[in-house]
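There are 2 protein chains.
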Amino acid sequence: MIAKAQTQTAAEGLPPVAAQARRFGKARSAQSHARMEDYAELISDLIAAQGEARATDIARRLGVSHATTIKFLARMKAEGLVTSQPYRGVFLTAAGAALAERTRKRHRLVVDLLVAVGVPQDVAEADAEGIEHHVSDAALAAFARFVDAR
Amino acid sequence: MIAKAQTQTAAEGLPPVAAQARRFGKARSAQSHARMEDYAELISDLIAAQGEARATDIARRLGVSHATTIKFLARMKAEGLVTSQPYRGVFLTAAGAALAERTRKRHRLVVDLLVAVGVPQDVAEADAEGIEHHVSDAALAAFARFVDAR
DNA sequence: TCCAATATGTAGCCTTGGCTACAATTGGCA
DNA sequence: TGCCAATTGTAGCCAAGGCTACATATTGGA
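Those protein sequences? They're chains D and B, same order as listed.
Residue 2 is where the first sequence starts when you use our numbering, and the numbers rise one by one after that.
Residue 2 is where the second sequence starts when you use our numbering, and the numbers rise one by one after that.
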């Protein structure tokens, strides 16, 4: 009875293996972009609010150690998203700024959608931080239509 | 000009440091529970659909190697969520079954909500896989009210 | 009955993203 | 002007969760 119903059949009610695997894989890899997006958006916000983004501030706001932040910023620099001189602040490249802008728009739209369906504002803000990285463009478009149509 | 506006002030437009750090921290740690939930739900689905959950099937459906699955199952066993005999299938404990049920309910509710705001069914299914782990109980309650009220 | 295919388990490696501890630089102010 | 505190950078550690390669167990069918 052990190796019987295993020949790709007998999947009553379950999605096809390939589709489900793709889905889970996408959810997994979304997580690696997520941090980049968080950083880009936060750096952009900090520059807008106080004129510069400093590693220590970023670390404090993300709730991680400054060492973690500096290591991550090195990765973003390698990917051409930020620039920095030693002991000067962090700046976004054009690519980084574009990523920040896209992320911010998506973040706002997710919050708006959540609020529109009745989620309290503060809960919406908090949940959006996790949700936003998993919303596809197709879903985002639907969100925009729904929010606009109200 | 470098170390000037840093004394917790000058946060025009930005959320308070502590709140934002908590938010990001929560989003980060949600990710560790996420995998447990995925496994529990999938095991439950497999048992329902084909009478047993086998490591190879789980691996195939998650899109990871069987070695990864077996290592992860060991962790779940250590946490009392599943049991298994060597070369027999995997079974959920009461705690594991409860987790699966909670996760499944949440998953369905997220899909329903997405569909209700106009996201196509297949997109909703795919996105929900990533989104569901970041939806708080408060937001979930709002989702339920919204979906019911239609 | 026994063997080959499949499933399961183990070992060892890699990357990511955390951390602490220590080193170096900067800049304000006494 | 020189020193001290804060910021920034470096080094080395850890756990999680991937992987491949190899070892072991099981079972259906020749």
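Here a beta-carbon is modelled for each residue, glycine too, at the ideal position from N, C-alpha and C.
Same chain, Cβ closer than 7 Å to residue i, five either side skipped, listed in chain order
i                      : result
residue 56 of chain B  : 67, 70, 71, 74 and 91
residue 122 of chain B : 116
residue 54 of chain B  : 44, 47, 48, 90 and 91
residue 107 of chain B : 133, 136 and 141
residue 81 of chain B  : 94 and 96
residue 98 of chain B  : 45
Reference residue i; option with closest CA among the options
i                      : options                      : result
residue 89 of chain D  : D/122, D/50, D/14 and D/58   : D/58
residue 79 of chain D  : D/63, D/96 and D/64          : D/96
residue 26 of chain D  : D/144, D/120 and D/135       : D/135
residue 49 of chain D  : D/85, D/118, D/129 and D/102 : D/102
residue 137 of chain B : B/149, B/24 and B/77         : B/24
residue 40 of chain D  : D/16, D/93, D/119 and D/148  : D/93
residue 36 of chain D  : D/110, D/64, D/145 and D/150 : D/64
residue 28 of chain D  : B/81, B/124 and B/15         : B/124
residue 146 of chain D : B/119, B/131 and B/139       : B/119
residue 105 of chain B : B/149, B/129 and B/82        : B/129
residue 153 of chain B : D/20, D/77, D/87 and D/62    : Here chain B comprises residues numbered 2 to 151, so residue 153 of chain B is not present and cannot be evaluated.
Proximity test, Cβ basis, 8 Å: residue i and chain D
i                      : result
residue 48 of chain B  : no
residue 108 of chain B : no
residue 122 of chain B : no
residue 140 of chain B : yes
residue 151 of chain B : no
residue 135 of chain B : yes
residue 8 of chain B   : Residue confidence is low: residue 8 of chain B scores 37 on pLDDT, short of 50, so the model does not pin down where it sits. No coordinate-derived value is stated.
residue 56 of chain B  : no
residue 100 of chain B : no
residue 113 of chain B : no
residue 31 of chain B  : yes
residue 41 of chain B  : no
CB contact check: residue i to chain B, cutoff 8 Å
i                      : result
residue 79 of chain D  : no
residue 18 of chain D  : yes
residue 132 of chain D : yes
residue 73 of chain D  : no
residue 62 of chain D  : yes
residue 103 of chain D : no
residue 11 of chain D  : Low local confidence applies: a pLDDT of 49 at residue 11 of chain D is under 50, so the model's placement there is unreliable, with the coordinate-based value given in what follows. At least one chain B Cβ lies under 8 Å of residue 11 of chain D.
residue 23 of chain D  : yes
residue 68 of chain D  : no
residue 146 of chain D : yes
Start and end residues, alpha helix (DSSP H) containing residue i
i                      : result
residue 45 of chain B  : 18–51
residue 74 of chain B  : 67–79
residue 61 of chain B  : 56–63
residue 146 of chain D : 138–149
Extent of the continuous beta strand (DSSP E) to which residue i belongs
i                      : result
residue 84 of chain B  : 83–85
residue 120 of chain D : Per DSSP, residue 120 of chain D belongs to no beta strand (DSSP E) and is neither H nor E.
residue 91 of chain D  : 91–93
8 Å CB neighbourhood of residue i in its chain, flanking five on each side removed
i                      : result
residue 34 of chain B  : 134
residue 126 of chain B : 112
Cβ-based neighbour list, residue i, same chain, cut-off 6 Å, excluding 5 preceding and 5 following
i                     : result
residue 31 of chain B : 134 and 135
residue 85 of chain D : 91
residue 42 of chain D : 101, 104 and 105
> Looking at chain D, which residues of the stretch 80–98 of chain B have a Cβ within less than 7 Å of any of its Cβ atoms?
Replying inline: For the stretch 80–98 of chain B, there are no residues whose beta carbon sits under 7 Å from a beta carbon of chain D.
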